[in-house]
Amino acid sequence: KAGVTQTPRYLIKTRGQQVTLSCSPISGHRSVSWYQQTPGQGLQFLFEYFSETQRNKGNFPGRFSGRQFSNSRSEMNVSTLELGDSALYLCASSLVHSGNTIYFGEGSWLTVV
Amino acid sequence: SQQGEEDPQALSIQEGENATMNCSYKTSINNLQWYRQNSGRGLVHLILIRSNEREKHSGRLRVTLDTSKKSSSLLITASRAADTASYFCATDSLPVNSGGSNYKLTFGKGTLLTVNP
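These protein sequence lines map, in sequence, to chains L and H.
Note that our numbering has the first sequence beginning at 1, numbered continuously upward.
Note that our numbering has the second sequence beginning at 114, numbered continuously upward.
Below, the structure written as structure tokens:
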């Protein structure tokens, strides 16, 4: 069974630009969540999607958004990039109910210059 | 805000020794999971322990959970150089307004384990 796939793995953007990151969950998994990891703040929850609906959201500004498609694939978008958005963005998938293991992808490394 | 706090922040041991990492959390949880992260890579799931379980084993891993103390520990026995990584605990607690089908993980800042050959 293929794992969680994230693309792109590495990207460099300029301040003010926007970026879209993609995530394909494990087949059969309907819940997709996103996390931001930085040295200073550690791993922080961004949002979770299930059945194309955002079910839960972390404490991030509105510049961070996401969506989920009918095949459970998900994208997250960051607009008007700031230097502080440089981070490893991790996508995770799981079966719907609490208590199931959450599996992570390898992440997308975003550098904002 | 961080729910889990791992202790110690860094741990250096020799191959063959045991490594123990601790995690404390603040609010009631449904489950607690431990993850490993090699430098620059994604998180690898190690073990999940439910709130009604006290101990769980998986290979060289042993996890305990004490909900009365809001703490968990991860023991890696007979460590290997390949165990060198950061280890995170993550708690799973349903948001107040959830319908029972959505949740999020709250991570600690991790323990950096170095196993010297």
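Glycine included, each C-beta is placed from N, C-alpha and C at the ideal position.
Note on geometry: alpha-carbon atoms of Met134 (chain H) and Leu218 (chain H) lie some 19 angstroms from one another. Contact between the stretch 119-128 of chain H and the stretch 160-171 of chain H is absent: fewer than three C-beta pairs spanning the two stretches fall below 8 angstroms. Residue environment: Leu226 (chain H) is assigned as buried (16 or more neighbouring CB atoms within 10 Å of its CB, all protein chains considered). Taking a cut-off of 8 angstroms on C-beta distances, the stretch 71-83 of chain L touches the stretch 13-22 of chain L, as three or more cross pairs fall below it.
According to DSSP, residue pairing for Phe45 (chain L) in a beta bridge involves L:Tyr35.
Taking 8 angstroms as the cut-off, the Cβ atoms of Val4 (chain L) and Tyr103 (chain L) count as close.
Shown here, Ala194 (chain H) sits in a helix according to DSSP, grouped into three states.
Residues of chain L with a Cβ closer than 7 angstroms to the Cβ of Gly155 (chain H) are, in chain order, Leu90, Phe104, Gly105, Glu106 and Gly107. Look at Leu95 (chain L) here: in three-state DSSP terms it is coil, with no helix or strand label.
Cα atoms of Leu188 (chain H) and Phe64 (chain L): separation of roughly 37 angstroms, rounded to the nearest angstrom.
Contact holds between the stretch 175-188 of chain H and the stretch 129-143 of chain H, because three or more Cβ pairs, one in each stretch, are under 8 angstroms apart.
With a contact defined as Cβ atoms closer than 8 angstroms, Ser199 (chain H) and Gly223 (chain H) qualify at about 4 angstroms. For Asn229 (chain H), DSSP records a beta bridge to H:Gln127. In the three-state reduction of the DSSP assignment, Gly66 (chain L) falls in the strand class.
Under DSSP, Lys217 (chain H) forms a beta bridge with H:Ser206.
Thr111 (chain L): member of the beta strand (DSSP E) spanning Ser108 to Val112, first to last residue.
Chain L has no Cβ within less than 8 angstroms of the Cβ of Lys139 (chain H). The beta carbons of Arg73 (chain L) and Phe50 (chain L) sit no closer together than 8 angstroms.
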